[in-house]
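Trainee:
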Amino acid sequence: MTLRTAAPSTALALATALVLTGCVAGEDAAAEPAATGGTWSTDTLEIDFATYNPLSLVIKEQGWLEETLGDDVTVTWVQSAGSNKANEALRAGAIDVGSTAGSAALLARSNGSPIRTIDIYSQPEWAAIVVPEGSDVTSVEDLAGRSVAATKGTDPYFFLLQALDEAGVPLDEVEVQNLQHADGRTALEQGSVDAWAGLDPIMAASQAESGTELLYRNIDFTTYGFLNATEEFLEASPDVAQVVVDAYEKARAYAQENPQEVVDILAEVAAIDPAVAETVIVERTNLDVDPVPGDDQRAVLEVVGPIFVESGDVSDQAAIDDALGTLFEPTFAEAADPSRVAG
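Take the sequence shown: its position 16, counted from the start at 1, is 16 in UniProt numbering, and no numbers get skipped.
#1: Do you know how far the Cα of Ala-204 is from the Cα of Ala-128?
#2: Give the DSSP-derived three-state secondary structure of Arg-109 in the structure shown.
#3: Quick check: what's the CA-CA separation for Ile-115 versus Leu-327?
#4: Using 8 angstroms as the threshold, is the region 330–340 in touch with the region 236–251, meaning 3 or more CB pairs across them?
#5: Beta-carbon within less than 7 angstroms of Asn-84's beta-carbon, same chain only, minus the 5 sequence neighbours each way: which residues are those?
#6: Which residues in the same chain as Arg-185 place their Cβ atom closer than 6 angstroms to its Cβ, once the five residues preceding and following it in sequence are excluded?
#7: Tell me Tyr-216's beta-bridge partners as DSSP assigns them.
#8: Would you check if there are 3 or more beta carbon pairs closer than 8 angstroms linking the region 266–276 to the region 300–318?
#9: Let's test the definition: count the other Cβ atoms within 10 Å of the Cβ of Pro-306 and tell me whether it reaches 16, buried, or not, exposed.
#10: Which parts of the region 131–162 are runs of the beta strand (DSSP E), unbroken and 3 residues or longer, counting only runs that do not cross its ends?
#11: Is Ala-241 closer than 8 angstroms to Ala-255 when the C-beta atoms are compared?
#12: Count the other C-beta atoms from every protein chain shown that fall within 10 angstroms of the C-beta of Gly-98, then say buried if there are 16 or more, exposed otherwise.
#13: Just mark Asn-178 as buried or exposed, buried being the case when its beta carbon has 16 or more other beta carbons within 10 Å.
#14: Tell me, to the nearest whole angstrom, how far the beta carbon of Ile-120 is from that of Gln-297; I am working on the premise that it is less than 8 angstroms.
#15: Got a sec? Which residues, its chain only, sit under 7 angstroms from Asp-165 by beta carbon, not counting five neighbours each side?
#16: Would you call the region 42–57 and the region 73–88 in contact, with 3 or more CB pairs under 8 angstroms?
#17: Going by beta-carbon coordinates alone, are residue 373 and Leu-160 separated by less than 8 angstroms?
#18: Give me, in chain order, the residues of the same chain whose beta-carbon lies closer than 6 angstroms to that of Phe-233; leave out the 5 immediate sequence neighbours on both sides.
#19: When the Cα atoms are used, what is the spatial distance from Thr-100 to Thr-279?
#20: CB Gly-198 to CB Asn-53, shorter than 8 angstroms?
#21: Alpha carbon to alpha carbon, how far is Ala-163 from residue 353? Give it in angstroms, no decimals.
#22: Are the CB atoms of Asn-286 and Ser-110 within a distance shorter than 8 angstroms?
#23: Inspect the beta-carbon positions of Val-304 and Thr-223 and report whether they are closer than 8 angstroms.
#24: When you compare only the Cα positions, how much space is there between Leu-106 and Ser-192?
#25: In terms of residues, what are the limits of the alpha helix (DSSP H) holding Thr-76?
#26: Going by DSSP, what residue range makes up the alpha helix (DSSP H) through Leu-234?
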């Protein structure tokens, strides 16, 4: 993992302006307590952590948010079992900030969820199609007439849709069993389904512990890791939102400088063997990405969007286009400054 050190000039300018004025251009987001009395704009922050988002694990473990925000803000961490669960919590207002795959963020925004993407935390190869060892399913084409476990609303599900589309297999020829990721693994290993659209680190653990095999991999079908926040939170507490993004960029540098420590944290939180965690972090997680949501993410989502419409997950292409035009909020990542985070 290599840290990207060359910041765009716009980001440097915004970061400088933030230090001098306490505001993000156009957003009135302060890096320090917003009110003149020296307090933050909110006294609570609800934020998720997830085993598919290693930077969230680092931030939680290090306690940076708590130290930076101090006693005035109570930080509550909520675990997300998958992008679909993070989206449900964001939509319900149970969390202010949540981590999902890009595809899941687009799906949520297309269906009316008031979220904005404020940071890109990784480009992971976290999804693949998994089959039991020795399976007679040897290609994606062989999935026609078979059953596949997948968690709808998550990147592995959209990975499956893209793989089927590429292979020319109509979705209605596949029995998709909508199971949460861990249940999908169980169903595969117990023989209840023929294949599973898997997610790391559960997928890597299944390979190591049960001998399952990756039938099909394609990193181009994954849609980056998106850090999303509710519009209500961004409007009411841009100062705290900026602290969150600053912490994410501190965690990115920390993770790249201390990969073994990240492996150890993931192994403990996910209750997996350290060797499995190492596969996920070292071999299948790229943190060397620009944190500012933009053209790279838009390009992959423009491919996924029409598949949502075809599968019936979104009503029409107009909803996709509107979501693509409003999903990204780049100013926080452009102004990110890890040095403002305590610890």
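Where is the CB? At the ideal position from N, CA and C, for every residue including glycine. Quantities reported herein were computed from a predicted structural model and do not represent experimental measurements.
Mentor: Once the coordinates are examined:
#1: 10 angstroms
#2: Three-state result, Arg-109: helix.
#3: 7 angstroms
#4: yes
#5: Excluding five sequence positions before and after Asn-84, the CB atoms of its chain that fall closer than 7 angstroms to its own CB belong to Ala-104, Thr-151, Lys-152, Gly-153 and Thr-154, given in chain order.
#6: Here the set comprises Ile-202 and Ser-206.
#7: Ile-129
#8: no
#9: exposed
#10: 147–150
#11: no
#12: buried
#13: Label assigned to Asn-178: exposed.
#14: 6 angstroms
#15: Ile-307
#16: yes
#17: Past the boundaries of the shown model lies residue 373; the chain is included only from 1 to 343, so the question cannot be answered.
#18: Asp-96
#19: 21 angstroms
#20: Cβ atoms of Gly-198 and Asn-53: not closer than 8 angstroms.
#21: In this structure the chain extends from 1 to 343, so residue 353 is not present and cannot be described.
#22: no
#23: yes
#24: 31 angstroms
#25: Element bounds for Thr-76: not the alpha helix (DSSP H) but the beta strand (DSSP E), 74–79.
#26: 231–236
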